[in-house]
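J.: Mind having a look at this structure? Questions to follow.
There are 4 protein chains.
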Amino acid sequence: MTDRLNITLLGSKFMGRAHSNAWSQVGRFFDVHPRPVLHTVVARNAAELADFAKQWDWANYTTDWNAAVTADETDLVDIATPNRAHREAAIVALEAGKHVACEKPLAATLEDAEAMAAAAAAAPGRTFVWFNYRRVPAVALAHRIVASGALGRIYHARASYLQSWGGPNTPLLWRFQGDIAGSGAHGDLNAHIVDAVRFITGEEITSVEGAIEETFIEERELLDGSAGDDISRNGAIGRSTVDDAVLFLSRLSGGGIASFEATRLATGYSNANRIEIHGESGALRFNFERMNELGYFRDDLEGSERGWTTIDVTRGADGHPYAGAWWPPGHGLGYEHGFVNQARDIVAVIGRGEPEVPLPDFADALQTQRVLQAAIDSAREHQPIQIEQP
Amino acid sequence: MTDRLNITLLGSKFMGRAHSNAWSQVGRFFDVHPRPVLHTVVARNAAELADFAKQWDWANYTTDWNAAVTADETDLVDIATPNRAHREAAIVALEAGKHVACEKPLAATLEDAEAMAAAAAAAPGRTFVWFNYRRVPAVALAHRIVASGALGRIYHARASYLQSWGGPNTPLLWRFQGDIAGSGAHGDLNAHIVDAVRFITGEEITSVEGAIEETFIEERELLDGSAGDDISRNGAIGRSTVDDAVLFLSRLSGGGIASFEATRLATGYSNANRIEIHGESGALRFNFERMNELGYFRDDLEGSERGWTTIDVTRGADGHPYAGAWWPPGHGLGYEHGFVNQARDIVAVIGRGEPEVPLPDFADALQTQRVLQAAIDSAREHQPIQIEQP
Amino acid sequence: MTDRLNITLLGSKFMGRAHSNAWSQVGRFFDVHPRPVLHTVVARNAAELADFAKQWDWANYTTDWNAAVTADETDLVDIATPNRAHREAAIVALEAGKHVACEKPLAATLEDAEAMAAAAAAAPGRTFVWFNYRRVPAVALAHRIVASGALGRIYHARASYLQSWGGPNTPLLWRFQGDIAGSGAHGDLNAHIVDAVRFITGEEITSVEGAIEETFIEERELLDGSAGDDISRNGAIGRSTVDDAVLFLSRLSGGGIASFEATRLATGYSNANRIEIHGESGALRFNFERMNELGYFRDDLEGSERGWTTIDVTRGADGHPYAGAWWPPGHGLGYEHGFVNQARDIVAVIGRGEPEVPLPDFADALQTQRVLQAAIDSAREHQPIQIEQP
Amino acid sequence: MTDRLNITLLGSKFMGRAHSNAWSQVGRFFDVHPRPVLHTVVARNAAELADFAKQWDWANYTTDWNAAVTADETDLVDIATPNRAHREAAIVALEAGKHVACEKPLAATLEDAEAMAAAAAAAPGRTFVWFNYRRVPAVALAHRIVASGALGRIYHARASYLQSWGGPNTPLLWRFQGDIAGSGAHGDLNAHIVDAVRFITGEEITSVEGAIEETFIEERELLDGSAGDDISRNGAIGRSTVDDAVLFLSRLSGGGIASFEATRLATGYSNANRIEIHGESGALRFNFERMNELGYFRDDLEGSERGWTTIDVTRGADGHPYAGAWWPPGHGLGYEHGFVNQARDIVAVIGRGEPEVPLPDFADALQTQRVLQAAIDSAREHQPIQIEQP
């Protein structure tokens, strides 16, 4: 094995930028082997692509994704396209023997996810899914605390991912089009918190007991060129075919209860990814709005001194995950650092090293997809749904 | 009408103290007419009762509740007993022509609540239910802001009432005995937040779409004398016959979605009564842990200056509800003040004045009871339940 | 000794109300012996006085303070008048053999304070000063934590008391008139935080190293009847003769450093009394805006779990000061409870019991007055001032 | 002018990393002209230098700073060395016609700073000082709000920069050696907050009214090779020759008051850079611990709705400084982004564009240095010091 890991990235939008940044920053802050190389970036718009490649120092760029994915020089295929496109690219890459890192959710449908997981099981490459919030240091620390047994039996997990950009003035972007996005807030946001609850608690979600799927804003302004062929049109207005919000109630494999909420209409919250876990001897809480803090309540403190401890998770010398690679204590990280941290762990695994905390592969992400599907089924069938377990 | 309002109080435990305090403090801080008189207190334990009456300056005390309730001198019967006892006392009082103020929830069962509301409708007395959180100034202000139209259409209400005293070491108190308490966290805590969401939004809850009712701790230590006759015993261990937690998802009459959670096993939270409301042009949030603060997000601020405003609701000169009666700005109130504020409004209504914000009567509280019943039905029948509307 | 403690209260304004409430509530929540009796209230305005006495159930009222103070029936004289009037009342009371509880600051001038402390030393009565913030449970707990040695050597104390009601539109109330008030923010607010730092750290303030005394608003509108004879007038405008803000830097007897700031022009803060203490092995922080919380940082937690613990100080069963007398955990207290708690301790000391935490007497409050005087001397003389030690 | 800006960086420690990151990231997120090129890095340790250069993609490296600084190819000299070394490098660079960007504080002594500012005034190159906190978006927004006049007259500025790494177990690093560092917490931390108060308020600091300079820990363990020749030794123990904490009180040119505190012994705070500004019609507060938030209190809101608004400053579309270049709303920035933002503005100024908010040059930073010197003089001379104004 050489010490180079050639990356081929598919996608140049929001996630394309976040991944490009991760691959270019990881070697600056971590000692990584093999060393990732920004080899080729792929996107559909040839005109914009050249600028993107230059901006981010991608050595090559092309609109021919299949050629790039299967090229001999490609070691890792990084998929940052809309959800509908994950399946084909991933399977081609896996069959070509590549490692694959795929944006979350794993796929637009459970069927796609199953096919991808099956392909992964049959292929030599390693697979990864960019559930970047696992690599926010506070979330990684939460995982470790629960894994240590400090919380005991888990009674409650309470997760909500609240955004507010989906008001009536927002036009019919691709994220509101079911044939491209697969779903709305559900796949975009619930995917993250379902993964996070599974990751932090170490438990599986065994059922959905009740759910609501809601599209508050049914019609949105069409953008030029924004709409796929199958958009239902009404003049300049198109029909949104995804949920604006999905809420559901679940049971956990250890006997606890979990609630989930994803919405794009939580006025006041730009990106409030919030998780609370209550165990019999402690509790944890996290809010991405204050991403460098983890709240920890522990029963073993002297009674009069018990309370929620706000841990500033920036202290490498104190063992905070990933912190040692960055800045001195109190010099906090931002959104993109979760991706850089994940790039570090992906490279570590490929190089036969250890990730800081467990990485999700396709099989793991398939289980999250089953939960998402069960929530939709429960909402539409008006009944509880049991979830197939791994 | 004289300027005296003779109170007969039933109950001398936690709520008996809170009500006694309310009646004795209200005249110190508010200009009330008629003036409440602590006339008679009723409880079962004669030995403790004398001390209680002396402590709180009740002029009389007795164990004969029926005589006290129906006595000519009684103007208002204040019911602060366990839930199972509400119905009989309230109906006797109403039939005797008294005003009645009843602790929440209105009753232990929907059937009881319906009987009480029917009796109220047929009687000359006024009825009140002690949903004290309506009279926490921040909650009253939230009601006013929504009523002004500032939030526009409501998309989401998210309410949770989180306590943690119900761990496995807590013995089988009456609050864990269904035949006395009616329910566990549900009637105790969800009752408050269902009322609060109805009060703040001004909307009704039209359905329960899914629910979980859970008893995490099924067996608890029996206390001497604590257990009713019908407790299932296993040596010194008895069976808990109430929920420890109930979560449910609902729809609102204006098209929005509401979620509710009540639990006694949220390690880390002693009394976190939390409500968030998101409308199309603003949002509100309240947490009783910081009861003198109301969070308000408004879209009409200049873009770069938008954010959550934390309103310190202690400024009478600025129109904060009830604040003018108490202390200067920044000198916050505590838990018991909601009861004193409610005493002020009860007296105002009886004296043909206006409450600061609407008071719940039996008919209003019956609607909250219907929601609670629907949640239980949904959890047990595993299907959505439509709620009868007023 | 009888079981009655007859109180004679001087003053019926803000502090008159707070003290009346304390004396009437203390017996409801604490088991106190002797039992305080609201015997006589004294104020200058005879017309308003009758109403006040009725409102608060004072048995008697009079405008003749000397007669009331020296009356045989009076056991405790409670002084809640403007600062200039403290000295005479206190000395008359002490010479008549009474116990005396005096509002803070002890006096309007250091000379007055010295005279009062001398009188106290020579008299049989006990003396008390209403530094009510000592009895806010979070502050009392802070005192206990430092006293336990948990913080080790103290490096820093940082205290500020920030209000904002002193803007240019506020008229020339008595609090802006030096001949009545003695000083402005300094005596009103710095008095509290100087006492609090001494109380929490258990150390004395040994010097003032530098200070600023500032009157931002030099002229204010005269109110009818508000101005004393010696106000400098300019039509309807009078000259403010007190500070709006005083800041100073000090050294502590244990080698640490303390900073103090009091202001009436901290726009945005109604009543932010904030104290932070940093020791070699821990730290504490308190903000009265969230009075039921104490922040505690402790070095002895496992490194990755260290952080600021927010202690909700409402848990009587966990030993939180005063909490057991009030409500269940999480049912917070308000501003006036500090006074009720202090009434409990005053009665305890008179009844030869123990206060929950140390009470300040005149000798103790004299030391705080010396610090206040040193700050003013330093500001005016532009040099450090050493402080006489007890 | 070419579109390349060749950077020569001096220093490869903490600040060397932060600057390297800034220069490599700026072109990824901002459209910058000229485009910065990581041309040469200079440091003393040749062995480590090669690795550093490779890690950060510096094209060249050398231990010969003079040659690198004066090389024809160098356009901008970026000084990230200990403070004592700033002067010589800056003056050589300026005399060679280079632009110079210097870490803060400008110099180790006022004399050095004056010489540097004089050299800058006489040279063609532009100068910049890395007061990176100006470019934290919340601080930049605070500057804009004050500049808009929204706060009116400024009454108070309250700034503290609190760290805790200077306990007795910390060895005698160069930062504790006066001959290298110039000062301790004062130059390291007060430099930042003096600059920030000047920047946000737009006012000058006209005097120091009182000050304390304190070295709590006088002796520290010597590290091998850590100590300069002139360290006072006592076996393995050396004497700290810098302050651990400096506090001072000042007056502002607009009539307000400012307080400053810097310490390395604020147990519990890793990096709490806190600033509060109170004006007659509004107030602002910032704490770097929550760097993506700005607190804003404005008097012009309806009375009952007034409060502190917490602005999440991540919304480019709402005009938050720098935010548009980074991620969607709610996806916060971290510590290093202030440097990247400053790199953007340095390049903009060199390219004859506009910085987002004013950049400090040597003349500006000299004024901050005068304030720092006045604080030390006041502490040592025990008297107020007037400050020379620009």
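Protein chains in written order, with our numbering: chain A, 35 to 424; chain B, 35 to 424; chain C, 35 to 424; chain D, 35 to 424. Using N, Cα and C, we set each Cβ at its ideal position, and we do this for glycine too.
If you measure from the beta carbon of Gln376 of chain D to each beta carbon in chain A, is any gap under 8 Å?
T.: no
J.: Flag Ile380 of chain A as yes if its beta-carbon sits less than 8 Å from any beta-carbon of chain C, otherwise no.
T.: no
J.: CA-CA distance, Val22 of chain A and Tyr303 of chain C?
T.: The structure shown does not extend to residue 22 of chain A, since chain A is modelled only from 35 through 424, so no value can be given for it.
J.: Using a C-beta to C-beta distance shorter than 8 Å, which residues of chain A count as neighbours of Asn40 of chain D?
T.: In chain order: nothing, as chain A lies at least about 18 Å away.
J.: Between Val242 of chain A and Ala191 of chain A, how many whole angstroms is the CB-CB distance? I'm expecting something under 8 Å.
T.: With a beta-carbon spacing of about 14 Å, Val242 of chain A and Ala191 of chain A fall beyond the 8 Å limit used to define contacts.
J.: Rounded to the nearest angstrom, what separates Leu223 of chain A and Thr115 of chain B at their Cα positions?
T.: 45 Å
J.: What residues match up with Leu286 of chain A in a beta bridge as DSSP calls it?
T.: A:Ile239
J.: Jot down the residue ranges of each uninterrupted beta strand (DSSP E) in the stretch 323 to 384 of chain B, minimum 3 residues, whole runs only, in chain order.
T.: 327 to 332 and 342 to 346
J.: Let me check one thing: in DSSP terms, what residues is Asn307 of chain C bridge-paired to?
T.: Asn307 of chain C pairs with C:Tyr195.
J.: Quick one: what does DSSP say Phe86 of chain A is sitting in, helix, strand or coil?
T.: helix
J.: Any C-beta of chain C sitting closer than 8 Å to the C-beta of Glu314 of chain D?
T.: yes
J.: Figure out for me which residue from A:Ala130, A:Asp85, A:Ile234 and A:Arg78 has the closest Cα to the Cα of Tyr427 of chain A.
T.: With chain A represented from 35 up to 424, any question about residue 427 of chain A goes unanswered, as that position is not in the structure.
J.: Can you tell me the Cβ-Cβ gap for Phe320 of chain D and Ala172 of chain D, rounded? I've got them flagged as a contact below 8 Å.
T.: 5 Å
J.: Can you tell which of D:Ser198, D:Arg209 and D:Ala270 has the C-alpha that lies nearest to the C-alpha of Gly316 of chain C?
T.: The shortest C-alpha separation from Gly316 of chain C is found at D:Ser198.
J.: With a CB to CB cut of under 6 Å and the five nearest residues on each side skipped, what residues in its chain are close to Trp164 of chain C?
T.: Glu137 and Lys138
J.: Using CA atoms only, rank isn't needed, just tell me which of A:Ala123, A:Trp360, A:Arg378 and A:Asp333 is closest to Ala56 of chain A.
T.: A:Arg378
J.: Along the chain, where does the alpha helix (DSSP H) containing Asn55 of chain A start, and where does it finish?
T.: Phe48 to Phe63
J.: Put His15 of chain A into one of helix, strand or coil per three-state DSSP.
T.: This structure gives no information on residue 15 of chain A, because the portion of chain A shown stretches from 35 to 424.
J.: Would the beta-carbon of Ser54 of chain B fall within 8 Å of that of Glu82 of chain B?
T.: It is not a contact, given that the beta carbons lie outside the stated cut-off.
J.: Name the two residues that bound the continuous alpha helix (DSSP H) containing Arg414 of chain A.
T.: Phe396 to Glu415
J.: Leaving out five residues on either side along the sequence, give the residues of the same chain with a beta carbon under 7 Å from the beta carbon of Phe63 of chain B.
T.: Take Phe63 of chain B, set aside five residues on each side of it, and the residues of its chain with a beta-carbon closer than 7 Å to its own are Ala359, Trp360 and Val374, in chain order.
J.: For Thr297 of chain D, which of helix, strand or coil comes out of DSSP?
T.: Here Thr297 of chain D sits in strand by DSSP.
J.: Quick check: Ser293 of chain C and Thr240 of chain C, are their CB atoms within less than 8 Å of each other?
T.: Thr240 of chain C is positioned such that its CB atom lies no closer than 8 Å to that of Ser293 of chain C.
J.: Please state if the CB of Thr297 of chain A and the CB of Gln211 of chain A are separated by a distance shorter than 8 Å.
T.: For Gln211 of chain A and Thr297 of chain A, no; Cβs fall outside 8 Å.
J.: If you follow the alpha helix (DSSP H) that Ala147 of chain D is in, where does it begin and where does it stop?
T.: Leu144 to Ala156
J.: Thinking just about the alpha-carbon of each residue, which of B:Asp346, B:Asp213, B:Glu310 and B:Gly329 is nearest to the one in Met325 of chain C?
T.: B:Asp346
J.: Could you pull the start and end residues of the alpha helix (DSSP H) that Asn100 of chain C belongs to?
T.: Trp99 to Thr104
J.: Verify whether the separation of the beta carbon atoms of Trp99 of chain B and Val76 of chain B is less than 8 Å.
T.: yes
J.: What ranges does the beta strand (DSSP E) occupy inside the stretch 197 to 257 of chain D, keeping only unbroken runs of at least 3 residues that lie completely in it?
T.: 239 to 248 and 253 to 255
J.: Going straight from the alpha carbon of Ala147 of chain D to that of Asn94 of chain D, what length do you get?
T.: 30 Å
J.: Report the rounded CA-to-CA distance for Glu310 of chain A versus His312 of chain B, giving the unit in angstroms.
T.: Whole-angstrom Cα-Cα distance: 20 Å.
J.: Determine whether the Cβ of Arg340 of chain C lies closer than 8 Å to any Cβ atom of chain A.
T.: yes
J.: Could you tell me if Ala261 of chain D is buried or exposed, where buried requires 16 or more neighbouring beta carbons within 10 angstroms of its beta carbon?
T.: With a pLDDT of only 47 at Ala261 of chain D, under the threshold of 50, the placement of this residue in the model should not be trusted; the figure read from the coordinates follows. By the neighbour-count rule (16 or more Cβ atoms within 10 Å), Ala261 of chain D is buried.
J.: In chain C, what lies closer than 9 Å to Thr297 of chain D by C-beta?
T.: Proximity of chain C to Thr297 of chain D at the Cβ level (cut-off 9 Å) is accounted for by Tyr189, His190, Ile291 and His312, in chain order.
J.: Residues in its own chain within less than 7 Å of Gly236 of chain A by CB, not counting five upstream and five downstream?
T.: Val180 and Ala181
J.: In chain B, what lies closer than 8 Å to Ala306 of chain A by C-beta?
T.: At a C-beta separation below 8 Å, Ala306 of chain A has no neighbours in chain B, since its nearest C-beta there lies roughly 10 Å away.
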